[in-house]
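First the structure, in the form of structure tokens, and then the observations on it.
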Amino acid sequence: MAVKLNVLAVASEVYPLIKTGGLADVAGALPGALKTEGVTVRTLLPGYPAVMARLKRAKPLHAFTTHFGGPAQLLGVKVEGLDLIVLDAPHLFDRAGGPYAGMDGRDFGDNALRFAALSAAGAAIAQGLLADWRPDVVHAHDWQAGMTAAYLTFNGGPRTPVVFTVHNLAFQGQFDRKLMGALGLPAHAFTHDGVEYYGDIGFLKAGLRLADRVTTVSPTYAAEICTPEWGMGLDGLIRGRADRLSGILNGIDTDVWNPATDPHIAQAYDAADIAARAVNKAALQARLGLEVAPDAPLFGVISRLSWQKGLDLLLAALPTILETGGQLAVLGSGDRWMEEGFANAAASNAGRISVQIGYDETLAHAIQAGVDALIVPSRFEPCGLTQLCALRYGAVPVVARVGGLADTIIDASPMAMAARTATGVQFSPVSGPMLESAIRRASSLYRKPDSWRRLQLNGMASDVSWTEPAQAYASLYRDLAAG
Ligand code: ADP
Ligand code: GLC
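In terms of my numbering, the sequence shown opens at residue 188 and continues consecutively.
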């Protein structure tokens, strides 16, 4: 067994306590997978109300008045196998709404302070704030934790190595330079090689620039973000750090997502008993008010409704689904105009299109178990998790060939079908016509039961677990800890 390592993860979302997207899934599942690698992870996260409500027998670890006002304290607690350090700072985190925005959907005006406080706490723990535990490596996730490396770099003290993982370059945490003083960083941190970003302060930029290693969540996205097209203003900086950049694919929690034991689906099944999916399809159709038609190809979507996810293209492609005799089940929330577009489509196509606006975890499981195909037409996708769940559930992914979607799905080309390796349908470039042709291709494959069954079984046999990704992270941590 390799040498034991301690890692402090810093994340703004951790499943099952608080989640708006895949970041939470990753932060919630990776620590468990790393145990097998001899890596002990403690995860620092903000004390939002949803988090505080889950804390039973939390142990006060440290009380302080932060640079960001106070009082505040760090609480240690174990929840669902996770070893958490909660930043309990009511003036920053005890408020109604989501992690980043209030009930009105508008971002909190003090997000810079809120997440700088999280990052500063991470840096302090890395430098030995807690008497009995100190990490060998810090693993900071996304812009909310991006300043961890800045505090370690500019405020003196031991420089614990930092891995910074970008889950999505589109969310950058860019704030007014006037906040420099309030963030408690020295003026000389405000340079090109520090936290300065196009005249503002960039939290994501700081992480990218100052971390010892940068990772993102798929090899293809790691390459994409080096280009002006997908670098979102940061490609120059990222290219300059290419020797420190790598892409490590996400996994999914194969206990949470297991069709053989899933309590949220009508009929448990596995690859040996895949015909039992029909029960789930019928139950889903009935539950959603769709015609209970066993032979109609049923497409599903589980997603944020946003430009990134390309679901406006799907809205325009709905006639193709209907023409090919298919049905569609959508679960999602996001941009108002897209929500309305899907709701209107459902209203005028009752029995064929069903749309649930909102966030519903149990329905997400029922959709994965019941649909024939899951559509993910993203314009860009750092990794994507729903296509991994779909593979595990025997729902055939129909995906854009970008980012992690390119890396996780094998297109049903004639060669891949002959070699028995295909797991889904890919299309490229990401456009309406190409999505429509992918839908047609999926529908005709669906009507060849042997081919379709082969796609499903290949998908179910794919390794979507955290085992390999955890090995990759563990070896990265070890390299860093060894200096
Ligand atoms: P992103 O993080 O960009 O939103 P991912 O595919 O990485 O995309 O992760 C999305 C996660 O959120 C998945 O676990 C997915 O099942 C879940 N999810 C997305 N939308 C919904 C919804 N409306 N209801 C339930 N779960 C959802
Ligand atoms: C981001 C990305 C998504 C990825 C997730 C977890 O939200 O949009 O592609 O799967 O982070 O890494």
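Cβ coordinates follow ideal geometry from the N, Cα and C atoms, glycine included.
Alpha-carbon spacing of A537 relative to L642, whole angstroms: 30 angstroms
Supposed contact pair V586 and Q613 - C-beta distance, whole angstroms, cut 8 angstroms: 6 angstroms
Beta-ladder partner(s) of L195, from DSSP: R229, V325
Contact check, S306 vs C570, beta carbons under 7 angstroms: Against a cut-off of 7 angstroms, the Cβ pair of C570 and S306 comes out as no contact.
Range of the contiguous alpha helix (DSSP H) that encloses F358: F358 -> no alpha helix (DSSP H), and no H or E assigned at all.
G597 vs A603 beta-carbon contact at 7 angstroms: Here residue 597 turns out to be Ile, not Gly, going by the sequence shown. Yes, the Cβ-Cβ distance between I597 and A603 is below 7 angstroms.
Proximal residues to N467 (C-beta, below 8 angstroms), its chain only, five neighbours per side dropped: I452, A453, Q454, Y456, A553, A556, G557
Three-state class that DSSP yields for T403 in the structure shown: If DSSP states are grouped into helix, strand and coil, T403 belongs with the strands.
Three-way DSSP call (helix, strand, coil) for T511 in this model: coil
Contact test: R579 Cβ vs the ligand ADP heavy atom, cutoff 6 angstroms: no
CB of L221 within 7 angstroms of CB of A657, strictly: yes
Heavy atom of the ligand GLC within 6 angstroms of G285 beta-carbon: no
Own chain, CB closer than 7 angstroms to A376, minus 5 neighbours either side, in chain order: Excluding positions up to five away in sequence, the list reads A337, F341, V382.
Near the ligand ADP: S490 beta-carbon under 6 angstroms from a heavy atom: Yes - the ligand ADP has a heavy atom lying nearer than 6 angstroms to the Cβ of S490.
Boundaries of the alpha helix (DSSP H) in which F529 is found, first to last residue: 523–535
Around the ligand GLC, Cβ to any heavy atom closer than 7 angstroms, ordered along the chain: G208, G209, L210, D212, V213, H354, N355, V404, N437, Q495, E568, P569, C570, G571, L572, G590, G591
Three-state secondary structure (DSSP) of V266: strand
Spatial neighbours of S624 in its chain, beta-carbon cut-off 8 angstroms, leaving aside the 5 residues before and after: F614
In chain order, each alpha helix (DSSP H) run of at least 4 residues that lies wholly inside the region 583–647: 590–595, 601–605, 619–633
Distance between beta carbons of D399 and V350, contact taken as under 8 angstroms: 7 angstroms
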